[in-house]
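Note that UniProt numbering has the sequence shown beginning at 1, numbered continuously upward.
The structure under discussion appears below in the form of structure tokens.
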Amino acid sequence: MAYYRQLGSVPPKRHTAHRDPAGRLYREELMGEEGFASDSSLLYHRGVPSAIVDATVWEPPDQTTTPNHPLTPRHLALHELFPESAWAETDVVTGRRLLLGNGDVRISYAVAAAHSPLYRNALGDEVVYVESGAGRVETVFGALEVRCGDYVLLPMSTTHRWLPRGPEPLRAYVIEGNGHLAPPHRYLSRFGQFLEHAPYCERDLHGPVATLTEDGSDVPVLVKHRAADAVVGTRMVYAEHPFDVVGWDGCLYPLTLNVADYEPITGRVHQPPPAHQVFEGTNFVVCNFVPRKVDYHPLSIPVPYYHSNVDSDEVMFYCGGDYEARRGSGIGPGSVSVHPGGYAHGPQPDAYERSIGVEFFDELAVMVDTFRPLGLGEGALACEDRGYPWTWAGRGPTR
């Protein structure tokens with residue numbers, strides 16, 4: 001995100017001596033993307049950010065996938081994955097369960113009330129949608145207060161931890177890239193400012209407001225990373241606590257964007273999914289479907305037409321309201337639909353006619369379109385509605 005911010009104590013010139021009141025040098029860390037040829041920030045530590053005293057193997061949650069074969073659409077009932085008895089012991093990092101994945105993106109889900117360990121994803125940026133609940137995400141840049149409807153964007157290799165708060169658990173829908181996430185280029189000027197037609201802008205992005213100071217020694221951090229072609233983990237133990245940053249500045253930092261601040265783009269006839277886009281990654285995009293007035297041509301059909309997005313697998317997470325096009329299929333809040341490339345999909349047959357004349361849709365959904373096929377994770381296999389593929393026809397296989 002190319003929007004400059006400064007927080008805490010930094011020197012007037014970068015790469016120059018910066019000392020504490022006792023005269024001791026702070027250690028400057030440059031955290032940058034794409035070989036330091038893209039966005040970066042400079043962080044000033046009290047300790048040495050590379051000082052580790054141990055490194056051992058950590059096994060991340062199961063990352064294996066099964067091909068979607070034979071090819072069918074899928075319905076995943078996420079609210080069945082975590083019984084209430086498990087919430088108190090589950091955290092957003094080690095408790096997430098993989099739903100879908102390929103070489104570009106992994107989608108997971110967690111229902112968590114426990115505090116997470118310190119964690120760093122060295123594979124790519126993460127964007128976490130908070131379906132419900134609230135909490136605090138503490139990071140090396142400072143803390144973010146998060147609430148229902150927030151996207152929490154965590155740049156690659158940001159050390160952080162999740163602290164759910166309040167009477168209900170935090171339901172987290174986690175989208176992990178194998179690269180970086182950013183607003184679509186068409187929303188931005190050539191200098192990186194949001195343009196007037198963009199559905200959100202800089203005012204809607206909220207970063208940390210104060211740095212964190214935490215003391216400690218021999219502090220473990222779980223790191224997810226790659227070894228050859230495998231996703232693996234390492235438990236690194238740091239000599240001093242990573243949350244020792246007295247100040248930072250730059251264009252790379254964690255932030256939140258609440259879905260209620262996303263302004264829908266509508267038209268006289270049905271708008272295609274790119275009109276709802278919020279982020280883009282490497283070989284995938286993220287879109288919002290939010291409550292909105294719908295098509296106002298006198299003969300318009302507001303629900304989506306039947307469509308074959310021949311390059312993509314389409315994943316829709318239904319997280320609020322009543323998704324008109326799928327009424328009667330078993331899909332509701334907490335559902336994920338997977339409509340793979342090679343398969344034409346669209347509304348339930350009776351929804352097509354029923355939508356004519358409707359003026360407003362009260363629906364909330366997060367969509368991920370991928371440009372390589374998705375495999376099914378263990379979480380998907382554990383909560384699949386196996387009758388879903390036959391809901392358009394009203395009957396299943398004859399064999």
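Beta carbons: idealized from backbone N, C-alpha and C, even for Gly.
Under DSSP, the beta strand (DSSP E) around residue i begins and ends at which residues?
i           : result
residue 8   : 5-8
residue 55  : 52-58
residue 367 : 363-370
residue 156 : Counting along the chain, residue 156 falls outside any beta strand (DSSP E), and DSSP gives it neither H nor E.
residue 402 : Past the boundaries of the shown model lies residue 402; the chain is included only from 1 to 399, so the question cannot be answered.
residue 284 : 284-289
residue 27  : 27-32
residue 106 : 105-112
residue 339 : 335-339
residue 319 : 313-321
residue 226 : 217-227
Three-state secondary structure (DSSP) at residue i?
i           : result
residue 44  : strand
residue 388 : helix
residue 209 : coil
residue 349 : helix
residue 78  : helix
residue 273 : helix
residue 126 : strand
residue 259 : helix
residue 187 : helix
residue 182 : strand
residue 17  : coil
residue 198 : coil
residue 86  : helix
residue 268 : coil
residue 326 : helix
residue 354 : helix
residue 120 : strand
residue 147 : coil
Please tell me whether residue i and residue j are closer than 8 Å, where the distance is taken between their beta carbons.
i           : j           : result
residue 178 : residue 374 : no
residue 112 : residue 169 : yes
residue 281 : residue 181 : yes
residue 358 : residue 269 : no
residue 93  : residue 175 : no
residue 250 : residue 25  : no
residue 30  : residue 38  : no
residue 163 : residue 242 : no
residue 245 : residue 45  : yes
residue 273 : residue 369 : yes
residue 312 : residue 388 : no
residue 60  : residue 231 : yes
With a threshold of 7 Å, establish whether the CB of residue i neighbours any heavy atom of the ligand ZN.
i          : result
residue 54 : Summarising the ligand content, the structure contains no ligands, and the ligand ZN is consequently not present.
Which residues in the same chain as residue i place their Cβ atom closer than 8 Å to its Cβ, once the five residues preceding and following it in sequence are excluded?
i           : result
residue 154 : 121, 125, 126, 127, 128, 137, 139, 160, 254
residue 157 : 31, 120, 121, 122
residue 292 : 264, 266, 360, 361
residue 208 : 7, 139, 141, 142, 143, 144, 253, 254
Going by beta carbon distance, what residues of the same chain come within less than 7 Å of residue i, once the five residues before and after it are set aside?
i           : result
residue 195 : 187, 188, 189
residue 99  : 76, 107, 108, 109, 336, 377, 379, 380
residue 390 : 396
residue 355 : 301, 302, 303, 324
residue 247 : 7, 8, 9, 10, 44, 211
residue 217 : 239, 240
residue 333 : 318, 319, 320
By Cβ distance, which residues of its chain are closer than 6 Å to residue i, with the 5 residues on each side in sequence left out?
i           : result
residue 316 : 337, 365, 367
residue 201 : 194
I'd like the span of the alpha helix (DSSP H) that includes residue i, first residue to last.
i           : result
residue 378 : 378-382
| Do three or more CB pairs link the segment 220-239 to the segment 131-150 at distances below 8 Å? | no
| field | Cβ pair count under 8 Å reaching 3, the segment 255-270 against the segment 283-291 | value | Enough Cβ pairs lie closer than 8 Å, so yes.
| said: Measuring CB atoms only, is the segment 290-309 touching the segment 340-354, in the sense that at least three cross pairs come out at less than 8 Å? | reply: Remark: three or more beta-carbon pairs, one from each stretch, lie closer than 8 Å, so the segment 290-309 and the segment 340-354 are flagged as touching.
| field | Three or more C-beta pairs below 8 Å linking the segment 144-158 and the segment 80-90 | value | Flag = no, the segment 144-158 and the segment 80-90 do not touch.
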